[in-house]
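Asks: Under full-length UniProt numbering, the first residue of the sequence shown carries the number 1, and numbering increases by one thereafter.
Using N, Cα and C, we set each Cβ at its ideal position, and we do this for glycine too.
After the structure tokens below, expect a handful of questions from me.
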Amino acid sequence: MLAALGCAVALIVLLIGMGLAGVVGLSSDPHGYGMFAAILFAAVLTPIALVLWLLYRFLRRDGQ
Numbered sequence: 001m002l003a004a005l006g007c008a009v010a011l012i013v014l015l016i017g018m019g020l021a022g023v024v025g026l027s028s029d030p031h032g033y034g035m036f037a038a039i040l041f042a043a044v045l046t047p048i049a050l051v052l053w054l055l056y057r058f059l060r061r062d063g064q
């Protein structure tokens, strides 16, 4: 579970970086679809990461 949370957070950071690269102009995407996709995917993954983190905290507290 902790690995899934780590992967989700790493992917969110990567997608935010892609979005920022598109905003700044460092991306080679002429239409900007990559920027919109990165923002959309990060917005979808953020609640998933939050749920995984809350589930991890709940299970860890329950195990102690």
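1. Would you decide whether A43 is buried or exposed? Buried here means 16 or more other CB atoms lie within 10 Å of its CB.
2. Nearest by alpha-carbon distance to I16: which of G32, L40, A3, S28 is it?
3. By the three-class DSSP mapping on this structure, what secondary structure does M1 have?
4. Kindly give me the distance between the Cβ atoms of L5 and A38, rounded to whole angstroms, as I take these residues to be in contact under 8 Å.
5. Indicate whether M35 and V23 have their beta-carbon atoms separated by less than 8 Å.
Replies: Reading off the structure:
1. exposed
2. L40
3. coil
4. The Cβ separation is near 20 Å, so there is no contact.
5. yes
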